[in-house]
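Notes to accompany the following structure.
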Amino acid sequence: MTPLAHYLILSGILFSIGLAGVLIRKNIIVVFMCLEMMLSAANISLVAFSRAQGTEGVPVYDPQVLSLFIVAIAAAEVAIGLALIVAMFRARKSVESTAITTLKD
Amino acid sequence: MISATYTWAQFIPEFTLVGLATLILMADCFLPKLPKSFYALFGAAGAVAAAFFMNGEAELSQFRMLAVIATALTILLAYDYRKITCEAVSGTDSEEGSSELYALPLIACAGICALTQAKDIIMLFVSLEVVTLSSYVLAGYFRRNQGSIEAGVKYLILGAMSTGLLVFGAAWYYGMTGTFLLDAAVVYHVFFAADPAMSVGFMLAMALLLAGAFFKTGTAPMHIWIPDVYQGAPTPVSAFLAVASKTAGFAVLCMLLAPFADMQLVPMLQCLVILTAITLLIGNLGAIGQTNAKRLLGYSSIAQAGFIMVFLINGTGAEAQAQVASYLTAYLLATMAAFYAIAMVRTQRGSEEISAFRALGKTNPVIAFLITVAFASLAGVPLTYGFIVKFDSFCALVNAYALEDMSCWFTTLLIIMIIGAAAGFYYYFKVIREMYWEKPQAEDKPLCIPMVTAGVMTACVILLIALGTWPLLTGNL
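Dropping the structure here:
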């Protein structure tokens, strides 16, 4: 059986890639994909912990319930996010974050 | 295990609010002839009605009440703002597609109410996301307006990032404690565990969870979105984010910190002191140069969050929660009055700049007085409630000195608080100065005051003055 640490390292790497992408990338669609990756990383950790806390091969289901909620909320977020990005594309003819310049000090 | 923690009956206000929102959305589809402004009055009345179903047993019931009042006031503000909404949504003066602006705050409010009753992180996360997702839509609601779209996209990206941090924190919280319950015994057990790796993992979890809460409260370093989103979003939405969403954030913060009430962990206090100091500096110094009234209130909201954080440095038990709630009450009354004023000036003078308030003292002396009291309360002028709560905030820091090995940290924070409060007098009084010192220009006609705005602003100001003078009269400050 794969040890817990391997899953956590995988999830940590995914989370870091996601966070770095959000901070570095300019294309808002790519940024949005990175955000979804952060949520997926959390899901992997949750399911791994759910197995690790279980006894005799039966996992604890609490974290898996949370990961289902995360999937549902991520889907809602995508629906809203893509709608906003489409509206932004109509207004600016661009989805680069460098095009967002109306509001600033 | 978790299902035993909650009962159906305690969620009646939430069901009422969601039911109302559904009713409004359905009526919007099937009764197209009904004027949309009717939904606003219906929604606001319903939100107030939902407050009557609340029992005061929950620990954070004051926060719940604040959220409901803020929602009702937001919807009423949206009602007075409907002329601008119609132009921005449909491009004409038809009311088509403006009813969601009245329904979505109700759904967000249901999220905040559920949040205040959460005992575990799953409930906390899901209800917080209900608030956040509705807020994304609201912030970008004026889809023909560049500023609103931009505010929506910025809020979405930064908000989703904070969600990511929060859930990753939740996963680690579970991994280290083996439960999602927020409980002092659980926290104590992990923090002083034999295995040091456990407490390191737990600190990672707490840091990520707190980062998620800081996003909502507007504490540094998660404050970046606030000025931009407040400026760009429709004015009723800015008011909602400023008051209701911040209330939600502080409810989460109180909940996350409550298990640590009896521990006095010095490293955690040090982190909180540093973040509070940065928040106060950014909020107060950033506000000084602002010319846009909504952006000014954005920085003001960061600054006020700093003053509220001080209560949580002093302690995180029930007493601190009550103090946070009373500060939020003062903030709600003054900020709502200010946003009503901004909306009124925007509707009639077409601008949200501070300069649009010019000479209101000559053209509309009564409304100018109401605006003066609201901004004076935000600044903390004596005889307003804003003074009492800001005084409490300073007292809380002085009480915190009981913890001796941090007195140097607290002194630094005290100096920064004094600088912040002094700067506050400058930038809030810019609006007051504009109303009384500037000469009216030829095209400035007296504003005609809408009924709802007049009523709400008068009520807020009377409460601010009454709550501000009562403790002085009775002598128990």
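Top to bottom, those sequences are chains A and B. Going from the first sequence to this note's numbering is simple: count from 1 and add 6. Going from the second sequence to this note's numbering is simple: count from 1 and add 1143. Glycine included, every Cβ here is placed at the ideal spot set by N, Cα and C.
For B/Phe1323, the closest C-alpha among the options B/Phe1530, B/Tyr1579 and B/Asp1263 is that of B/Asp1263. B/Ile1265 belongs to the set of residues whose beta carbon lies under 8 angstroms from a beta carbon in chain A.
Inside the stretch 1446-1498 of chain B, DSSP marks whole alpha helix (DSSP H) runs of 4 or more residues at positions 1461-1492, from first to last along the chain. Counting the other CB atoms within 10 Å of its CB gives B/Val1409 a total below 16, which places it among the exposed residues. In this structure B/Leu1160 is in contact with B/Leu1249, their Cβ atoms being roughly 5 angstroms apart against a cut-off of 8 angstroms. A/Thr107 carries a coil assignment under DSSP once its states are collapsed to helix, strand and coil. Contact between B/Ala1187 and B/Ala1215 holds: CB atoms are separated by about 5 angstroms, below the 8 angstroms threshold.
With its beta carbon less than 8 angstroms from one in chain B, A/Thr108 belongs to the interface.
DSSP places B/Leu1203 in the coil class of the three-state scheme, outside both helix and strand. Nearest neighbour of B/Leu1244 by Cα position, chosen from B/Ala1303, B/Pro1377 and B/Gly1392, turns out to be B/Pro1377.
If you draw a straight line from the Cα of B/Tyr1316 to the Cα of A/Met43, it is about 20 angstroms long. Look at the beta carbons and you see the stretch 1456-1470 of chain B touching the stretch 1385-1398 of chain B: at least three pairs across the two are nearer than 8 angstroms. Counting only the Cα atoms, B/Leu1412 lies some 29 angstroms from B/Ser1520. Sixteen is the threshold: when 16 or more other Cβ atoms of the shown chains lie within 10 Å of the Cβ of B/Trp1552, as they do, the residue is buried. Assignment of B/Val1524 by DSSP, reduced to helix, strand and coil, places it in the coil class. Spatial neighbours of B/Ala1517 in its own chain (CB-CB distance under 6 angstroms, excluding positions within 5 residues in sequence) are listed in chain order as Ala1477, Ala1480 and Ala1481. Residue state for B/Val1273 is assigned as helix, using DSSP reduced to three classes.
Distances from the alpha-carbon of B/Ala1585 to those of B/Lys1505, B/Val1604, B/Met1600 and B/Val1269 put B/Lys1505 closest.
Beta-bridge partners assigned by DSSP to B/Asp1263: B/Leu1324.
Annotated as distal: A/Leu72 and B/Val1296, with beta-carbon spacing of 8 angstroms or more.
Between B/Ala1170 and B/Ser1180, the alpha-carbon positions lie close to 12 angstroms from each other. Membership of B/Asp1371 in the alpha helix (DSSP H) is indicated by the continuous run Trp1368 to Gly1375. Contact of B/Ile1292 with chain A is assigned, a C-beta pair being separated by under 8 angstroms. Residues of chain A with a Cβ closer than 9 angstroms to the Cβ of B/Met1365 do not exist; the shortest Cβ-Cβ separation is about 13 angstroms. Taken atom to atom, the span from the alpha-carbon of B/Val1599 to that of B/Val1232 is near 26 angstroms. Closer than 8 angstroms to the CB of B/Met1304 there is at least one CB belonging to chain A. By the neighbour-count definition (other C-beta atoms within 10 Å, threshold 16), B/Thr1165 is an exposed residue. Within the model, the alpha-carbon separation for B/Val1541 versus B/Met1560 is close to 12 angstroms.
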